Amino acid sequence: MNLRSPEAFAMYTFNDHMAYGALEVVQNMLLDFDEAYKAQQWREALAVVEGMALFMLVGEGHTMCVADDGEMIEKTAAQITRMVLAALAVLDGKAQLADDTDTKNLGSAGGYSPFESKDVQVPSGQLGFYLQSYACRCGITVPGVEDISKDVDLTMPKMNAKDPWAWARTFSNYRLMCVPPVYAFRGTHRRAIGGDGLDISTWSNAERRHYAFDKKDPLPKDTVKNLKEGLVLTLA
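All you need for our numbering is the position in the sequence shown, starting with 1, plus 22.
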């Protein structure tokens with residue numbers, strides 16, 4: 023997230039740069055999941071779910087919650103939970119949905135629901151309850167989560183359906199409806215979700231100088247070159 027934080031480079035762009043930067047990362051992961059889900063690649067799909075859980079809980083992903091478009095954040099939170107449910111359906115079809123399978127981190131990854139985060143105060147409908155019911159039905163131990171799905175009248179979708187949680191349809195709509203606004207993309211129109219437009223290391227030298235407090239580029243050429251080669255940037 024540091025690369026999407028103007029403050030880390032003594033810059034100012036717009037108030038919600040880091041919030042929309044976090045949303046950008048989340049949307050990139052949703053796109054990655056969509057690709058794995060369509061290919062029925064359960065390992066890749068689960069890796070995205072695990073990564074999303076870590077990013078939201080300890081990786082500053084929750085920063086997206088302060089973005090001024092609350093409706094977009096609500097839809098994103100709902101899509102994240104639907105992603106977890108869709109991943110569980112894929113794992114179920116691959117006989118990998120239990121505590122004693124190759125999916126060792128399933129309980130921890132599946133235990134994350136954006137609606138339980140204190141930073142995301144949005145109506146969850148029943149998606150969170152479905153997630154808990156799934157875990158209970160399949161014998162998955164979710165640390166720190168009490169099964170409350172038994173108190174709600176739930177009709178589970180048919181697990182042998184091609185897309186039981188309607189991921190493809192809802193994500194297609196999400197991609198159309200949740201493109202961040204113009205002011206959240208360097209003054210130009212963003213044509214799609216995700217991307218790296220708010221990653222300051224992808225900007226031109228002139229653009230970084232324009233927004234820097236001292237009008238100097240905070241990222242020397244060798245630093246940008248190292249980032250492109252996959253090296254880690256350490257900020258003092």
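Yeah, the Cβ is synthetic: ideal placement off N, Cα and C, and Gly gets one too.
All values reported here derive from a predicted model rather than from experimental measurement.
Between the segment 58 to 73 and the segment 223 to 240, do at least 3 Cβ pairs fall closer than 8 Å? The segment 58 to 73 and the segment 223 to 240 do not touch, with fewer than 3 CB-CB distances between them shorter than 8 Å.
In whole angstroms, what is the alpha-carbon distance linking L25 and L68? Taking the sequence shown and counting its residues from 1, the one referred to as residue 25 is at position 3. Taking the sequence shown and counting its residues from 1, the one referred to as residue 68 is at position 46. One C-alpha to the other measures close to 26 Å.
Unbroken alpha helix (DSSP H) run spanning Y233, endpoints: Numbered from its first residue, the sequence shown carries residue 233 at position 211. The continuous alpha helix (DSSP H) containing Y233 extends over residues N227 to Y233.
Would you check if there are 3 or more beta carbon pairs closer than 8 Å linking the segment 37 to 50 to the segment 86 to 105? Short answer: they touch.
Just to confirm, is the Cβ distance from G252 to N50 under 7 Å? The residue you call residue 252 lines up with position 230 of the sequence shown. The residue you call residue 50 lines up with position 28 of the sequence shown. No, they are not a contact pair.
Cα separation between A206 and H39? Taking the first residue of the sequence shown as 1, we reach residue 206 at position 184. Taking the first residue of the sequence shown as 1, we reach residue 39 at position 17. Approximately 7 Å, taken between the alpha carbons.
Roughly how many whole angstroms lie between the Cα atoms of A30 and H232? By one-based count along the sequence shown, residue 30 stands at place 8. By one-based count along the sequence shown, residue 232 stands at place 210. Their Cα atoms are separated by approximately 16 Å.
Distance CB(L119)-CB(W187) smaller than 7 Å: Against the sequence shown, residue 119 aligns to sequence position 97. Against the sequence shown, residue 187 aligns to sequence position 165. Taking 7 Å as the Cβ cut-off, L119 and W187 do not qualify as a contacting pair.
Just to confirm, are A234 and M33 a CB contact at a threshold of 7 Å? One-based indexing of the sequence shown puts residue 234 at position 212. One-based indexing of the sequence shown puts residue 33 at position 11. For A234 and M33, yes; Cβs fall inside 7 Å.
For R104, count neighbouring C-beta atoms within 10 Å of its own C-beta (all shown protein chains included) and say buried if the count is 16 or more, exposed if not. Indexing the sequence shown from 1 puts residue 104 at position 82. Taking every protein chain shown into account, the CB of R104 has 16 or more other CB atoms within 10 angstroms, so this residue is buried.
Taking buried to mean at least 16 other C-beta atoms within 10 Å of its own C-beta, is D239 buried or exposed? Here residue 239 refers to the residue found at position 217 when the sequence shown is read from its first residue. Here D239 is buried, its C-beta having at least 16 other C-beta atoms within 10 Å.
Using three-state DSSP, classify M33 as helix, strand or coil. As a working mapping, residue 33 is identified with position 11 in the sequence shown. Of the three classes helix, strand and coil, the one that applies to M33 here is strand, per DSSP.
In this structure, how does DSSP classify G325 when only helix, strand and coil are distinguished? The displayed coordinates of the chain run from 23 to 258. Any statement about residue 325 would go beyond what the structure contains.
I need the straight-line Cα distance from P145 to P242, nearest angstrom please. Counting from one through the sequence shown, the residue named residue 145 turns up at place 123. Counting from one through the sequence shown, the residue named residue 242 turns up at place 220. Unreliable placement is indicated for P145, whose pLDDT of 41 sits below 50; the coordinate value is still reported in the next sentence. Their backbone Cα atoms lie some 45 Å apart in a straight line.
Rounded to the nearest angstrom, what separates T98 and Y196 at their Cα positions? For this step, residue 98 is matched to residue 76 along the sequence shown. For this step, residue 196 is matched to residue 174 along the sequence shown. Going from the Cα of T98 to the Cα of Y196 covers about 8 Å.
Give me the Cα-Cα distance between R230 and I95, rounded to the nearest whole angstrom. Position 208 of the sequence shown holds residue 230. Position 73 of the sequence shown holds residue 95. Cα atoms of R230 and I95: separation of roughly 28 Å, rounded to the nearest angstrom.
For K140, which residues from the same chain have a beta carbon less than 8 Å from its beta carbon, with the 5 sequence-adjacent residues on both sides left out? By one-based count along the sequence shown, residue 140 stands at place 118. Low confidence applies here, because K140 scores a pLDDT of 44, under 50, leaving its location unreliable and the question unanswered by this model.
N37: buried (16+ other C-beta within 10 angstroms of its C-beta) or exposed? For the purposes of this step, residue 37 is taken as residue 15 along the sequence shown, with counting starting at 1. Around the CB of N37, fewer than 16 other CB atoms lie within 10 Å, so the residue is classed as exposed.
Just to confirm, are V71 and A109 a CB contact at a threshold of 7 Å? The count along the sequence shown starts at 1 and reaches residue 71 at position 49. The count along the sequence shown starts at 1 and reaches residue 109 at position 87. Yes, the pair counts as a contact, with Cβ atoms nearer than the cut-off.
Distance, A100 Cα to Q143 Cα: Here residue 143 is taken as the residue at index 121 of the sequence shown, counted from 1. Here residue 100 is taken as the residue at index 78 of the sequence shown, counted from 1. Summary for Q143: the model assigns pLDDT 40, below 50, so the residue's position carries little reliability, and this model does not support an answer.
With 16 other Cβ atoms within 10 Å as the buried cut-off, status of P179: Indexing the sequence shown from 1 puts residue 179 at position 157. Counting Cβ neighbours within 10 Å, P179 comes out exposed, since fewer than 16 surround it.
Nearest to W3 (by Cα), restricted to the options Y152, T123 and D236: Given a span of 23 to 258 for the chain in the structure shown, any question on residue 3 remains unanswerable.
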